[in-house]
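Residue numbers (the working numbering), protein chains in the order written: chain E, 175 to 403; chain P, 14 to 358. Here is the structure we will look at.
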Amino acid sequence: MTAVVTGARAAVWAALGTVRDPELDEPLTDLGFVARCEVSDAGHAVVRLRLPTYFCAPNFAFLMVADAYDAVAGVPGLTGLDIRLDDHFASDVINRGVAARQGFVASFEGEAADELDTLRYDFVRKAVLAGTDRVCRSLGRDPASLTLGDVPPSADLDRLRARRRELGLPAEDGDPLLLDPATGTTPADAKRYLAFARLTRTSMEANSGVCRGMLRARYALTSEEEGTG
Amino acid sequence: MYEKDGEKYFVVDAHTHFWDASPENWVEGQEEYAKGWIECFHAYQGLGPKETHWPIDRFQKYSEELMMHDLFEVGHVDKAIFQPTNLRQWYKAGFNTTENDGALAEKHPDKFLVNTTFDPREGDAGMKAFSERVKRYNCKGVKLYTAEWRGGSRGWSLKDPAAARYLEKCEELGVTNVHIHKGPTIWPLDKDAFDVSDVDQVATSFQGLNFIVEHVGLPRIEDFCFMATQERNVYAGLAVVVGGLMHARPKFFAKVMGELMFWLGEDKLIFGADYAIWEPKWQVEGFVDWNMPADDELSDFPPLTVDQKKKILGLNAARLYDIDVPEELKLADPKNVEPVGVPNS
Chain E
175 MTAVVTGARA AVWAALGTVR DPELDEPLTD LGFVARCEVS DAGHAVVRLR
225 LPTYFCAPNF AFLMVADAYD AVAGVPGLTG LDIRLDDHFA SDVINRGVAA
275 RQGFVASFEG EAADELDTLR YDFVRKAVLA GTDRVCRSLG RDPASLTLGD
325 VPPSADLDRL RARRRELGLP AEDGDPLLLD PATGTTPADA KRYLAFARLT
375 RTSMEANSGV CRGMLRARYA LTSEEEGTG
Chain P
14 MYEKDGEKYF VVDAHTHFWD ASPENWVEGQ EEYAKGWIEC FHAYQGLGPK
64 ETHWPIDRFQ KYSEELMMHD LFEVGHVDKA IFQPTNLRQW YKAGFNTTEN
114 DGALAEKHPD KFLVNTTFDP REGDAGMKAF SERVKRYNCK GVKLYTAEWR
164 GGSRGWSLKD PAAARYLEKC EELGVTNVHI HKGPTIWPLD KDAFDVSDVD
214 QVATSFQGLN FIVEHVGLPR IEDFCFMATQ ERNVYAGLAV VVGGLMHARP
264 KFFAKVMGEL MFWLGEDKLI FGADYAIWEP KWQVEGFVDW NMPADDELSD
314 FPPLTVDQKK KILGLNAARL YDIDVPEELK LADPKNVEPV GVPNS
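Right under this line is the structure:
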């Protein structure tokens, strides 16, 4: 029986909190995807991840496990690290690939043509759109001519800036609030852009709702999630 | 037929199944996948009201009597459309095949329409068998599951040249309704398997066919809606939207319905209960009772009218499948309505 070292466990948990589901743009710890997180007296970390279904898309699953590995590996003082995804059709392939620090193509030999960077950036672009709706919806005025600095500070605004920076897009106070994440330019038709931003947010949030509901049904969880539905 | 507050609704359940996922039907060596598949479906059922949840053994294999009861005796369904999913790699006799569905349909005349399926990886032999099934069961539609495993293959794309040959055959045989169900795997695995750009391409190429994207492209509703604004022959299958969101996530259900009405409009939305994941009764009753809540975040979306609900619950599918609707259940003034949308700039 190993005791849980509270400080180290909190550090590992915090590291896992920086890892997002790339498709939903939410932290694994909020989504309930961390089934187990322990650190022994000797500093050995054990993390078990779980997903809403046995058949969740293997590419996103791989990204999450690999990102979780990188994040926890950066926690100082750990002597060992055992991170695994449970209950997924590709668990073995993903766990082996991540532990061996192989990329996606090598892990799924013959089944993948490329690494997952393109996929990841596609979804950060969606996160920028969804985040723009979140920020604009509460403004109460036409956002078309505003800059980021015109918007009152909020967690949503910080998150939007962070996603824009990930894409190498400008995110300072003087930069335009509306920006097409694919081209980096100001959208020509603000109304259409905002309608699509709203739609993107609806889609991502509806997916998140389905995923959370499926996870609860799969693992018979009873805890009520945050009030997003 | 469902009647509420003096209004009568003709109900077409455009997405139903008669499956066998019992352990006796699992292929040796593939048990994990067969079990994983049905357990995944079962978890979806968890999104419906608690009193409609089934134990797993009944969910794996249910009787003909139960299905007839749930759909036609208490479920308000006038006509149901079978959407097969073969999965023969995991289930010995298939999961939910045209043949099984067809046998049930023949025992209960005028209750069902039988759709079949094709897999472009089956080549010429598959083409011949497909044509025979269409004639045998008088199919007016196909259900395509692009993420179906076959040997080492993890799926296929509508863009594949082999798929085009089958779609040409659909046009020739009068199989005009192509239902598309996206799944999590497709080659190559680094691509987004839920991407709907292949539907966009074939919808442009095959103007004589209707493309009904099941579960509205979930989890890519935004890409689906955007694509559907450009293609007049693309429709939204509401399976999963009503069953998976209306009860479990009412606010997102309202948002998604609002978006679908905004981008696609009332003539393009097709109700399907997705039995036996969800029973039709609570979905039909709940949808008729539902309306857009008063909420700032939903202020872009108007409430639904009774006529719009009648179209969505049955009249739209009746139009696509040429189903006779009793005179008293038709709309007084049926006209097609363009979505609000946002015009292309």
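C-beta atoms are modelled at their ideal positions from N, C-alpha and C, and glycine is treated no differently. Model, not experiment: these values are computed from the prediction.
In whole angstroms, what separates the C-alpha of residue i from that of residue j?
i, j, result
"L84/P", "F125/P", "11 Å"
"F239/P", "V350/P", "18 Å"
"G314/E", "T357/E", "27 Å"
"G401/E", "P263/P", "Any reading at G401/E needs caution, since the residue's pLDDT is 32, under 50, leaving its predicted position unreliable; the model's value is listed next. Each residue's alpha carbon lies about 12 Å from the other."
"Y75/P", "P326/E", "56 Å"
"Y22/P", "I193/P", "26 Å"
"A287/E", "D203/P", "7 Å"
"H121/P", "F143/P", "23 Å"
"M305/P", "L311/P", "8 Å"
"Y248/P", "A289/P", "23 Å"
"D205/P", "I234/P", "14 Å"
"A247/E", "L255/E", "7 Å"
"A345/P", "V309/E", "44 Å"
"E379/E", "P232/P", "10 Å"
"S382/E", "G257/P", "12 Å"
"R392/E", "P226/E", "7 Å"
"V297/P", "I336/P", "19 Å"
"K195/P", "A27/P", "17 Å"
"A329/E", "G305/E", "10 Å"
"R375/E", "D307/E", "7 Å"
"A177/E", "E77/P", "Reliability fails at A177/E, whose pLDDT of 46 lies under 50, so the model's placement of it is uncertain and the value that follows must be treated cautiously. Their backbone Cα atoms lie some 55 Å apart in a straight line."
"K294/P", "D296/E", "39 Å"
"S358/P", "D363/E", "Below a pLDDT of 50, predicted positions are generally treated as unreliable, and S358/P, at 42, falls in that range; no measurement from the model is reported."
"T65/P", "H82/P", "14 Å"
"F282/E", "W303/P", "46 Å"
"Q102/P", "W39/P", "9 Å"
"A301/E", "R339/E", "12 Å"
"V193/E", "V208/E", "11 Å"
So residue i and residue j are supposed to be a Cβ contact under 8 Å. How far apart are they, rounded?
i, j, result
"L341/E", "V298/E", "6 Å"
"A182/E", "V213/E", "4 Å"
"E131/E", "P315/P", "This structure does not reach residue 131/E, given that chain E is present from 175 up to 403, and the question cannot be answered."
"A345/E", "R335/E", "4 Å"
Measuring CB to CB, does residue i end up less than 8 Å from residue j?
i, j, result
"V215/P", "L251/P", "no"
"T98/P", "P232/E", "no"
"I268/E", "F236/E", "yes"
"K281/P", "F300/P", "no"
"T189/P", "L157/P", "no"
"D260/E", "R222/E", "yes"
"A176/P", "P133/P", "yes"
"D354/E", "T321/E", "no"
"A245/E", "A189/E", "yes"
"F263/E", "Y46/P", "yes"
"V25/P", "A286/P", "no"
"D211/P", "K172/P", "yes"
"E227/P", "L373/E", "no"
At what residues does the beta strand (DSSP E) containing residue i begin and finish?
i, result
"L126/P", "F125 to V127"
"K156/P", "G154 to Y158"
"D26/P", "V25 to T29"
"K17/P", "Y15 to K17"
"L333/P", "Careful: L333/P lies outside any beta strand (DSSP E), inside the alpha helix (DSSP H) at N329 to Y334."
"Y104/P", "Per DSSP, Y104/P belongs to no beta strand (DSSP E) and is neither H nor E."
"E212/E", "V208 to V213"
"N223/P", "N223 to V226"
"N38/P", "No beta strand (DSSP E) contains N38/P, which DSSP labels as neither H nor E."
"F95/P", "K92 to F95"
"I199/P", "Looking at the DSSP string, I199/P is not in any beta strand (DSSP E), and its letter there is neither H nor E."
"E20/P", "E20 to Y22"
"N386/P", "Look at the range of chain P in this structure, 14 to 358, and you will see that residue 386/P is not part of it."
"A356/E", "Where A356/E is concerned, there is no enclosing beta strand (DSSP E), given that its DSSP letter is neither H nor E."
"R222/E", "H218 to L223"
"V248/P", "What sits at residue 248/P in the sequence shown is Tyr, not Val. V247 to G250 is the extent of the beta strand (DSSP E) around Y248/P."
Can you tell me where the alpha helix (DSSP H) with residue i in it begins and where it stops?
i, result
"E181/P", "P174 to L186"
"C385/E", "A364 to R392"
"D256/E", "Careful: D256/E lies outside any alpha helix (DSSP H), inside the beta strand (DSSP E) at G254 to L259."
"K324/P", "From DSSP, K324/P is part of no alpha helix (DSSP H); its letter is neither H nor E."
"H55/P", "E44 to Q58"
"L303/E", "D291 to R311"
With a threshold of 8 Å between beta carbons, is residue i in contact with chain A?
i, result
"R167/P", "Absence of chain A from the displayed structure is noted, the protein chains being E and P."
Sufficient close CB pairs (3 or more, under 8 Å) joining the stretch 28 to 42 of chain P to the stretch 261 to 268 of chain P: Because the criterion of three Cβ pairs below 8 Å is not met, the stretch 28 to 42 of chain P and the stretch 261 to 268 of chain P do not touch.
Please determine if the stretch 153 to 165 of chain P and the stretch 116 to 136 of chain P are in contact, where contact requires at least 3 C-beta pairs separated by less than 8 Å. Yes, they touch.
For the stretch 45 to 62 of chain P and the stretch 384 to 398 of chain E, state whether three or more C-beta atom pairs, one from each stretch, are separated by less than 8 Å. The stretch 45 to 62 of chain P, when compared against the stretch 384 to 398 of chain E, does touch it at the 8 Å Cβ threshold.
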